[in-house]
Amino acid sequence: MRIYESLDWNEEGATPNQKRLQVDIFAVACRLRIKDCTKQAYQGYLKWVSSGVRNPEHHMIALMEGVKQGGTTAWERIWKAYKTANSPSEKNNIIGALTSTKDVTLINRILKYCLDGRIKPNLIPRVFSFFALNQSTRSTVWKYFKNHFAEFHIILGKGSLMSSCVKCLAEPLSTEAELEELKEFLKSQKTLLNTKRLV
1 MRIYESLDWN EEGATPNQKR LQVDIFAVAC RLRIKDCTKQ AYQGYLKWVS SGVRNPEHHM
61 IALMEGVKQG GTTAWERIWK AYKTANSPSE KNNIIGALTS TKDVTLINRI LKYCLDGRIK
121 PNLIPRVFSF FALNQSTRST VWKYFKNHFA EFHIILGKGS LMSSCVKCLA EPLSTEAELE
181 ELKEFLKSQK TLLNTKRLV
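All letters in the sequence shown, in the order written, are residues 1 to 199 by UniProt numbering.
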């Protein structure tokens with residue numbers, strides 16, 4: 001990935017637009033498991049753990065790599081940070097990291113936190129949005145959503161919050177059969193008034 005090799009994680013003087021582009025490239029490179037990228041990101045995570053120092057632009061990438069390499073211990077540490085985070089951007093970064101896990105137990109935990117109030121309703125669509133980027137979680141998230149649909153419906157209602165979550169569930173679907181399964185499930189729910197808007 002030549003474009004990644006041309007960038008410097010510690011580059012100074014970049015414009016805001018250049019910084020955003022760099023972050024996007026670093027995120028893709030880490031997702032593709034490019035060795036230097038995952039190493040740099042994990043070092044950023046370890047630096048945050050040891051000293052609290054963070055690079056604002058790269059922080060979510062570092063946290064995500066922390067979860068991927070640090071497992072449950074890292075996930076627990078990052079969840080603890082979520083509980084004390086004050087800014088919306090920080091909470092968003094942490095949700096992105098928490099949902100990058102492949103551990104079914106941890107996936108179910110964050111979904112449970114959506115239902116028990118530990119994650120506020122207005123942030124639940126963000127949880128599903130980040131899960132949509134993590135292909136390996138699709139079946140687990142979909143199963144949990146179906147099994148707890150009534151609870152999600154009570155919390156999210158019939159408006160834009162529910163619609164956003166359903167669209168995120170539909171995004172990773174790769175076959176017509178999967179999409180039809182989602183549509184049929186929504187049609188079977190008497191509490192939804194207009195399923196055509198949701199998928």
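Heads up, the beta-carbon is just placed ideally off N, CA and C, and yes, glycines get one too.
Assigned exposure category for residue i - 16 Cβ within 10 Å defines buried
| i | result |
| --- | --- |
| Lys-39 | exposed |
| Leu-32 | exposed |
| Asn-147 | exposed |
| Glu-11 | exposed |
| Gln-135 | exposed |
| Leu-193 | In this predicted model, Leu-193 has a pLDDT of only 44, less than 50, meaning its place in the structure is not dependable; the value taken from the coordinates is given anyway. With fewer than 16 Cβ atoms within 10 Å of its Cβ, Leu-193 is classed as exposed. |
| Phe-26 | buried |
| Gly-13 | exposed |
| Thr-105 | exposed |
| Thr-72 | exposed |
| Ser-100 | buried |
| Gln-22 | buried |
| Ile-3 | exposed |
| Ala-74 | buried |
| Thr-137 | buried |
Identity of the residue in the options nearest residue i by Cα
| i | options | result |
| --- | --- | --- |
| Val-166 | Ser-174, Leu-179, Thr-175 | Leu-179 |
| Ile-94 | Tyr-42, Lys-19, Tyr-82 | Tyr-82 |
| Leu-46 | Lys-183, Val-67, Ala-29 | Val-67 |
| Lys-19 | Lys-158, His-59, Asp-103, Ile-110 | His-59 |
| His-153 | Pro-16, Ala-177, Leu-115 | Leu-115 |
| Thr-9 | Asn-17, Asp-36, Pro-16 | Per the sequence shown, the amino acid found at residue 9 is Trp instead of Thr. Among Asn-17, Asp-36, Pro-16, the Cα nearest to that of Trp-9 belongs to Asp-36. |
| Met-1 | Ile-107, Pro-16, Ile-34 | Ile-34 |
| Asp-103 | Gln-189, Val-141, Leu-186 | Val-141 |
| Lys-158 | Ser-129, Pro-121, Glu-176, Trp-79 | Pro-121 |
| Glu-76 | Lys-183, Asn-86, Val-49 | Val-49 |
| residue 204 | Asn-86, Glu-181, Glu-176 | This structure cannot settle anything about residue 204, because the visible part of the chain is limited to 1 through 199. |
| Gly-117 | Phe-145, Glu-151, Phe-128 | Glu-151 |
| Leu-186 | Phe-149, Thr-175, Ser-174 | Phe-149 |
8 Å contact criterion, which residue i and residue j should meet: CB distance rounded
| i | j | result |
| --- | --- | --- |
| Met-64 | Gly-44 | Incorrect: roughly 10 Å between the Cβ atoms, too far for contact. |
| Arg-54 | Asn-92 | The Cβ separation is near 14 Å, so there is no contact. |
| Pro-88 | Ala-132 | Actually they are not in contact, since the Cβ atoms of Pro-88 and Ala-132 sit about 20 Å apart, beyond 8 Å. |
| Ala-29 | Ala-62 | The pair is not a contact, with the Cβ atoms about 13 Å apart (cut-off 8 Å). |
| Ile-110 | Leu-161 | With 8 Å as the limit, Ile-110 and Leu-161 do not qualify as a contact, their Cβ atoms being about 17 Å apart. |
| Val-119 | Tyr-113 | Rather than Val, the amino acid found at residue 119 in this sequence is Ile. Right, the Cβ-Cβ distance comes to about 5 Å (below 8 Å), so this counts as a contact. |
| Phe-130 | Leu-169 | That pair is no contact at about 12 Å. |
Closer than 8 Å to chain D by CB, residue i
| i | result |
| --- | --- |
| Lys-91 | Protein chains in the displayed structure number just one, and chain D is not present. |
Secondary structure, alpha helix (DSSP H): runs of 4+ residues fully inside the stretch 23-97: For the alpha helix (DSSP H) assignment, the uninterrupted runs of no fewer than 4 residues enclosed by the stretch 23-97 are, from N- to C-terminal side, 35-51, 59-84.
For the stretch 94-146, list the alpha helix (DSSP H) runs that are entirely contained and at least 4 residues long, ordered along the chain. Taking only runs of at least 4 residues, the alpha helix (DSSP H) segments lying wholly in the stretch 94-146 are 104-115, 124-133.
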